[in-house]
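J.:
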Amino acid sequence: MTKRIYADHSATTPLKKEVLDAMMLYLTENFGNASSIYHEGRECKKAIENARVQVAKAIGATEKEIYFTGSGSESDNWAIKGAAYALSGKGNHIISTVVEHHAVLHTLKALEKEGFDVTYLPVDEYGMVSAEDVKNAITDKTILITVMFANNEIGTVMPIAEIGKVAKEAGVLFHTDAVQAIGMEEINVEEMNIDMLSLTAHKFYGPKGAGALYIRKGVKIKRLIEGGAQERNQRAGTENVAAIVGLGKAIEMATADIPAKKEKLSRLRDAYIKKVMEKIPFARLNGHPTMRMASNANISFEFIEGESLLLMLDMKGISASSGSACTSGSLDPSHVLLAIGLPHEIAHGSLRVTFGDSNTMEDAEYIADSLVEIVERLRMMSPLYEDAVKSGRVK
Numbered sequence: 110m111t112k113r114i115y116a117d118h119s120a121t122t123p124l125k126k127e128v129l130d131a132m133m134l135y136l137t138e139n140f141g142n143a144s145s146i147y148h149e150g151r152e153c154k155k156a157i158e159n160a161r162v163q164v165a166k167a168i169g170a171t172e173k174e175i176y177f178t179g180s181g182s183e184s185d186n187w188a189i190k191g192a193a194y195a196l197s198g199k200g201n202h203i204i205s206t207v208v209e210h211h212a213v214l215h216t217l218k219a220l221e222k223e224g225f226d227v228t229y230l231p232v233d234e235y236g237m238v239s240a241e242d243v244k245n246a247i248t249d250k251t252i253l254i255t256v257m258f259a260n261n262e263i264g265t266v267m268p269i270a271e272i273g274k275v276a277k278e279a280g281v282l283f284h285t286d287a288v289q290a291i292g293m294e295e296i297n298v299e300e301m302n303i304d305m306l307s308l309t310a311h312k313f314y315g316p317k318g319a320g321a322l323y324i325r326k327g328v329k330i331k332r333l334i335e336g337g338a339q340e341r342n343q344r345a346g347t348e349n350v351a352a353i354v355g356l357g358k359a360i361e362m363a364t365a366d367i368p369a370k371k372e373k374l375s376r377l378r379d380a381y382i383k384k385v386m387e388k389i390p391f392a393r394l395n396g397h398p399t400m401r402m403a404s405n406a407n408i409s410f411e412f413i414e415g416e417s418l419l420l421m422l423d424m425k426g427i428s429a430s431s432g433s434a435c436t437s438g439s440l441d442p443s444h445v446l447l448a449i450g451l452p453h454e455i456a457h458g459s460l461r462v463t464f465g466d467s468n469t470m471e472d473a474e475y476i477a478d479s480l481v482e483i484v485e486r487l488r489m490m491s492p493l494y495e496d497a498v499k500s501g502r503v504k
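Counting from 110, one number per residue, gives the positions in the sequence shown under the numbering used here.
Structure follows, in structure tokens:
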């Protein structure tokens with residue numbers, strides 16, 4: 110059997126053994142309801158509060174500012190809808206970007222149907238929004254700015270501290286979807302003037318189904334889920350104790366030495382990019398060349414289609430993802446790639462490789478070598494490539 114190389118860590122990460130070990134006690138012996146006052150309940154409550162401290166420490170917050178959710182998408186929905194509803198008496202204008210995750214974009218579209226006005230700021234060729242554009246978009250009706258910390262597709266890291274400063278000076282709430290950035294970038298919500306921050310455990314070697322939302326002390330937003338009084342009466346539902354414990358352990362580990370992790374991953378990423386760009390003509394690196402996540406390499410290849418590329422990589426034991434949304438049933442390429450100026454036909458031939466803790470330099474080289482072979486093979490079958498040869502564009 111072909112050795113499997115997993116290179117899609119921006120989609121999800123494997124659960125670390127230490128995290129699973131921390132969770133097991135709350136899947137077996139300490140199974141109580143954290144709202145109960147007897148021993149089993151108290152033990153679970155104590156574990157939840159410990160995880161709350163771990164999350165707060167990782168982002169420079171206090172534990173009373175951390176609320177557990179079921180996912181990053183839920184956190185995004187709660188932050189955006191909760192703020193919009195709470196502040197609707199002051200205004201109805203929200204500022205975001207065209208490259209946000211769909212958990213943000215679809216939430217904003219839903220709010221537009223309810224009468225809210227949303228400005229979707231453009232980005233430059235690298236997928237970067239400028240703090241100046243954010244500042245210029247603010248009106249006396251603006252109640253919320255929501256800009257992702259790092260882009261999930263092309264890896265570009267946004268100027269969050271600058272945007273936070275703009276928001277604070279204007280007296281506007283600032284939310285960031287930091288799902289991709291936790292454990293990859295140094296984050297301090299106080300220094301960066303972030304009012305709300307979304308995260309989810311499965312992006313940093315924790316369990317799926319566990320997320321969190323940081324809400325700065327003093328910020329009042331409407332609750333999203335009605336019911337019981339869990340999460341200090343802000344988010345109803347019996348707590349998933351084991352998953353919350355796993356989130357706490359995972360974020361503690363993921364943020365223990367970010368500089369060392371970035372140094373290792375960027376070496377793999379850069380070696381992979383260098384080899385691919387040298388060996389494969391008509392390739393384009395997407396995202397900012399330096400202000401990008403250390404793990405991310407998104408490259409477009411002309412004359413081929415992303416889904417075929419993924420299938421052939423899979424046959425060679427490589428798991429990655431495409432810049433094309435075709436696998437989700439859509440014929441349209443990624444909204445992020447279109448936003449940075451790629452034409453449809455090139456955006457369709459994009460590949461995102463995201464490295465993780467277990468990847469090696471040998472993995473990076475194997476993926477690059479496999480790509481050289483696969484891209485050449487696919488181009489030989491491509492009528493677009495044949496046309497380019499006939500026109501003299503390809504020598």
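Built from N, CA and C at the ideal position, the CB exists for glycine as well. Bear in mind that the values here come from a model prediction, so they are computed numbers and not experimental data.
For the alpha helix (DSSP H) that contains Gly272, what are its first and last residues?
T.: Your numbering for residue 272 matches position 163 in the sequence shown. The sequence shown places Ile at residue 272, not Gly. Its alpha helix (DSSP H) spans residues 269–279.
J.: Considering only DSSP beta bridges, list what His444 is partnered with.
T.: Start at 1 with the first residue of the sequence shown, and residue 444 comes out as number 335. Answer by DSSP bridge pairing: none, since His444 is not bridged.
J.: Would Met293 pass as a contact of His397 if the rule is Cβ separation under 8 Å?
T.: Taking the first residue of the sequence shown as 1, we reach residue 293 at position 184. Taking the first residue of the sequence shown as 1, we reach residue 397 at position 288. In this structure, His397 does not lie closer than 8 Å to Met293 by Cβ.
J.: I need the DSSP call for Ser145, collapsed to helix, strand or coil.
T.: The residue labelled residue 145 in the question sits at position 36 within the sequence shown. Ser145: coil per DSSP, three-state reduction.
J.: By alpha-carbon positions, which one of Ala456, Lys218, Val266, Glu372 ends up nearest to Val256?
T.: Position 147 of the sequence shown, counted from the first residue, corresponds to residue 256. The option with the nearest alpha carbon to Val256 is Val266.
J.: Which stretch, first to last residue, makes up the beta strand (DSSP E) that contains Ile254?
T.: Walking along the sequence shown from the start, residue 254 turns up at place 145. Run containing Ile254: 251–255, per the beta strand (DSSP E) assignment.
J.: By alpha-carbon positions, which one of Thr248, Ala160, Val481, Leu447 ends up nearest to Ala310?
T.: Translated into positions along the sequence shown, residue 310 becomes position 201. Nearest option by C-alpha distance: Ala160.
J.: Pull up the DSSP beta-bridge partners for Thr463, would you.
T.: Looking up residue 463 in the sequence shown gives position 354. Partner(s): Asp117, Asn405.
J.: Beta carbon of Phe412, beta carbon of Leu480: below 8 Å?
T.: Your numbering for residue 412 matches position 303 in the sequence shown. Your numbering for residue 480 matches position 371 in the sequence shown. Result no, Cβ atoms of Phe412 and Leu480 do not sit closer than 8 Å.
J.: Can you list, in chain order, the residues of its chain whose CB lies under 8 Å from that of Leu120, leaving out five sequence neighbours each side?
T.: Locating residue 120 in the sequence shown gives position 11, counting from the first residue. In the sequence as presented, Leu is not what sits at residue 120; that position holds Ala. Closer than 8 Å at the Cβ level, and outside the excluded window around Ala120, lie Ser430, Thr463.
J.: With burial defined as no fewer than 16 other Cβ atoms inside 10 Å of the residue's Cβ, what is the status of Tyr135: buried or exposed?
T.: The count along the sequence shown starts at 1 and reaches residue 135 at position 26. By the 10 Å Cβ count, Tyr135 comes out buried.
J.: Across which residues does DSSP place Val227 in a beta bridge pair?
T.: Taking the first residue of the sequence shown as position 1, residue 227 is located at position 118. According to DSSP, which records beta bridges pairwise, Val227 is partnered with Ile203.
J.: Please report whether the beta-carbon of Leu134 lies at a distance below 8 Å from any beta-carbon of chain D.
T.: Here chain D cannot be found, since the structure has a single protein chain.
J.: At the level of alpha carbons, what is the spacing between Glu300 and Gln163?
T.: Looking up residue 300 in the sequence shown gives position 191. Looking up residue 163 in the sequence shown gives position 54. The straight-line gap from Cα to Cα measures roughly 19 Å.
J.: Helix, strand or coil for Tyr475 per DSSP?
T.: On the sequence shown, position 366 is the one that residue 475 refers to. Three-state result, Tyr475: helix.
J.: State the DSSP-derived secondary structure class of Ala321, mapped to helix, strand or coil.
T.: Reading the sequence shown from its first residue, position 212 is the one you call residue 321. In this structure, Ala321 counts as strand in the three-state DSSP scheme.
J.: Compare the beta carbon distance of Lys173 and Leu333 with 8 Å and say whether it is the shorter of the two.
T.: To locate residue 173, count along the sequence shown from 1; it is residue 64. To locate residue 333, count along the sequence shown from 1; it is residue 224. In this structure, Leu333 does not lie closer than 8 Å to Lys173 by Cβ.
J.: Please classify Tyr323 as buried or exposed, where buried requires at least 16 neighbouring CB atoms within 10 angstroms.
T.: One-based indexing of the sequence shown puts residue 323 at position 214. When all chains shown are included, Tyr323 counts as buried.
J.: Would you list the residues sitting across from Thr265 in a DSSP beta bridge?
T.: Numbered from 1 along the sequence shown, position 156 holds the residue referred to as residue 265. Paired residues: Arg401.
J.: Assuming Leu220 is part of the alpha helix (DSSP H), what are its boundary residues?
T.: Translated into positions along the sequence shown, residue 220 becomes position 111. Leu220 -> alpha helix (DSSP H) spans 211–222.
J.: Can you tell me whether Phe225 is buried or exposed, with buried defined as 16 or more other CB within 10 angstroms of its CB?
T.: Residue mapping note: residue 225 aligns to position 116 of the sequence shown, counting from 1. With 16 or more Cβ atoms within 10 Å of its Cβ, Phe225 is classed as buried.
J.: Have a look at Asp478 and Ser144 and give me their C-alpha separation to the nearest angstrom.
T.: Here the question's residue 478 lines up with position 369 in the sequence shown. Here the question's residue 144 lines up with position 35 in the sequence shown. Each residue's Cα considered, the two are about 55 Å apart.
J.: Thinking C-alpha only, which one of Ala351, Ile291, Met305, Glu271 is nearest Pro316?
T.: By one-based count along the sequence shown, residue 316 stands at place 207. Taking only the C-alpha atoms, the option nearest Pro316 is Ala351.
J.: What's the gap between the Cα of Pro123 and the Cα of Arg502?
T.: Numbered from 1 along the sequence shown, position 14 holds the residue referred to as residue 123. Numbered from 1 along the sequence shown, position 393 holds the residue referred to as residue 502. Distance between the alpha carbons of Pro123 and Arg502: 43 Å.
J.: Figure out for me which residue from Leu422, Leu420, Glu474, Gly355 has the closest Cα to the Cα of Asp130.
T.: Counting from one through the sequence shown, the residue named residue 130 turns up at place 21. Closest option to Asp130, Cα to Cα, is Gly355.
J.: Whole-angstrom Cβ separation of Ala240 and Ile272, contact assumed at under 8 Å?
T.: Counting from 1 along the sequence shown, the entry for residue 240 is found at position 131. Counting from 1 along the sequence shown, the entry for residue 272 is found at position 163. Rounded, the Cβ-Cβ distance is 5 Å, consistent with contact.
J.: Given this structure, state the Cα-to-Cα distance separating Arg151 from Ser409, to the nearest angstrom.
T.: By one-based count along the sequence shown, residue 151 stands at place 42. By one-based count along the sequence shown, residue 409 stands at place 300. Whole-angstrom Cα-Cα distance: 53 Å.
J.: Does DSSP put Arg161 in a helix, a strand or coil?
T.: For the purposes of this step, residue 161 is taken as residue 52 along the sequence shown, with counting starting at 1. Here Arg161 sits in helix by DSSP.
J.: Three-state secondary structure (DSSP) at Leu308?
T.: For the purposes of this step, residue 308 is taken as residue 199 along the sequence shown, with counting starting at 1. Strand at Leu308.
J.: Tell me Thr178's beta-bridge partners as DSSP assigns them.
T.: Along the sequence shown, one-based indexing puts residue 178 at 69. Its beta-bridge partners are Gly320.
J.: Check the C-beta distance from Ile254 over to Phe283 and give it rounded, since I have them as a contact under 8 Å.
T.: On the sequence shown, residue 254 is found 145 positions in, with the first residue counted as 1. On the sequence shown, residue 283 is found 174 positions in, with the first residue counted as 1. Right, their Cβ atoms sit about 5 Å apart.
J.: Please report how far the alpha carbon of Arg113 lies from the alpha carbon of Ala246, in whole angstroms.
T.: Counted from its first residue, the sequence shown places residue 113 at position 4. Counted from its first residue, the sequence shown places residue 246 at position 137. Those two C-alpha atoms are separated by around 47 Å.
J.: Could you give the C-beta distance for Gly264 and Arg401, rounded to a whole number, given that I count them as a contact under 8 Å?
T.: As a working note, residue 264 is residue 155 in the sequence shown. As a working note, residue 401 is residue 292 in the sequence shown. Confirmed, about 4 Å.
J.: What residue range does the alpha helix (DSSP H) around Asp130 cover?
T.: Start at 1 with the first residue of the sequence shown, and residue 130 comes out as number 21. Asp130 -> alpha helix (DSSP H) spans 126–136.
J.: Could you say which of Ile330, Met424, Ile476 lies nearest to Leu196 if we only look at CA atoms?
T.: As a position in the sequence shown, residue 196 is number 87, starting the count at 1. Leu196 has its Cα closest to that of Ile330, out of Ile330, Met424, Ile476.
J.: Quick check on the burial criterion: 16 or more other C-beta atoms within 10 angstroms. Buried or exposed for Arg341?
T.: Counting from one through the sequence shown, the residue named residue 341 turns up at place 232. It is exposed - the Cβ of Arg341 has fewer than 16 other Cβ atoms within 10 Å.
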